[in-house]
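Here's the structure, in structure tokens; my notes come after.
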Amino acid sequence: MNRDLLLRLALCQELGIQKKWWVLSYAKKYGRETLTFGDLQRLFGYQRFSPRLESSWQALAGDGLAEALTGQDYLTIDSPLYPEQLRQLHYPPLALFYAGRRELLQKRLLGFVGARDASSYGRQVVAKFIPEMVAANYVIVSGLARGIDSYAHMATLASSGFTIGVLGNGLDVCYPAENRRLYEILQKEHLVITEYPLGTPPKKYHFPQRNRIIAGLCKGLCVVEAKARSGSLITAQQALEAGREVFAVPGEILSGRQDGCHSLIQDGAKCVYRPQDLLEELPEF
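For the sequence shown, our numbering gives the first residue as 103, with consecutive numbering after it.
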């Protein structure tokens, strides 16, 4: 892959990941080292196009690329340090921007996701499971969101383990704002990663893309408290599509808080109610 073109695509905020891969495939097929905006128009058959896309693409030409990368640590997909698990996705991130201990990406990774409006039950489940996962040398991966994500990160810290936060925005943005202290700890002592460059705000459509990174990084994904329609179920589906093990913690049946977990179990996810269940089912490394 041409490195400059790869980074230019990674930094361009007006193209989705699928189109970025189309551009790379086109460039590789025809031996193109660089592409103009006119090339993009012809490639996608645009009759009308976003001025923001043209502005973003032109700004990343020449010296603009080096300037845009200033102050950002990153791994490109052709780096030997890029996690092999993530390369297996259909459309993996072209680059990962990170702050913290990048070596954690090479460890045993286990994802925990669940409800943003988590109940005390959800918090107790996380507090029961995480210490034993940490004792088994798993690094806990989650999305730094409210609820189960935050509880998973905090339970890992309390257990003296390591954790990775995956963002749906640039590294200079803390979302949600109430997680500022947790975010700062992860940046300095653990790891925070994103496929979005500095200055990218959180947008609704970023989070399904963020979720696929959580799913792709991990050998297994554990869902704790999820309603019938939730982002956690999207992450679980992405994990299944990537060939990962998916686990679901059951709960009570009246409030609807666990309906998503129960549906996952009916659809073939492994029902886990003890930490040992997870450890017994996780694939060997």
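Think of the CB as a built atom: it goes at the ideal place given N, C-alpha and C, for glycine as much as any other residue.
Bridge partners for residue i per DSSP, in chain order?
| i | result |
| --- | --- |
| A432 | Because the chain in this structure spans residues 103 to 387, residue 432 falls outside the shown range and cannot be described. |
| A201 | V294 |
| G245 | Answer by DSSP bridge pairing: none, since G245 is not bridged. |
| L177 | L198 |
Taking the alpha carbon of residue i as the point to measure from, which residue in the options has its own alpha carbon closest?
| i | options | result |
| --- | --- | --- |
| V294 | E343, W159, D219, L273 | L273 |
| T138 | L162, Q120, K131 | L162 |
| L183 | D175, E205, P195 | E205 |
| Q389 | A344, S244, G202 | Because the chain is modelled from 103 through 387, residue 389 falls outside the range shown and cannot be assessed. |
| A254 | I232, G270, S262, D175 | I232 |
| T337 | C373, V236, G362 | G362 |
| R218 | G164, I367, Q360, P352 | Q360 |
| L366 | E354, Q339, E382 | Q339 |
| I287 | T302, L246, R105 | L246 |
| S252 | N271, A168, A279 | A279 |
For residue i and residue j, I'd like the C-alpha separation in whole angstroms.
| i | j | result |
| --- | --- | --- |
| K329 | E234 | 26 Å |
| V268 | V348 | 18 Å |
| S334 | K321 | 16 Å |
| R282 | H292 | 14 Å |
| D369 | G213 | 19 Å |
| R376 | A257 | 16 Å |
| W159 | H308 | 20 Å |
| L384 | A112 | 33 Å |
| R110 | I250 | 35 Å |
| G358 | G147 | 46 Å |
Inset, instruction - May I ask you to verify whether the stretch 109-124 touches the stretch 152-164, counting CB pairs closer than 8 Å and requiring at least 3? - result: yes
Inset, instruction - Could you tell me whether the stretch 197-213 touches the stretch 118-128, using the rule of 3 or more Cβ pairs below 8 Å? - result: no
Legend entry - Contact the stretch 228-242 vs the stretch 252-268: 3+ CB pairs below 8 Å: yes
Legend entry - Whole runs of the beta strand (DSSP E) within the stretch 207-292, excluding any shorter than 3 residues: 210-216, 240-244, 265-268
Legend entry - Stretch pair the stretch 312-326 + the stretch 172-187: three plus CB contacts closer than 8 Å: yes
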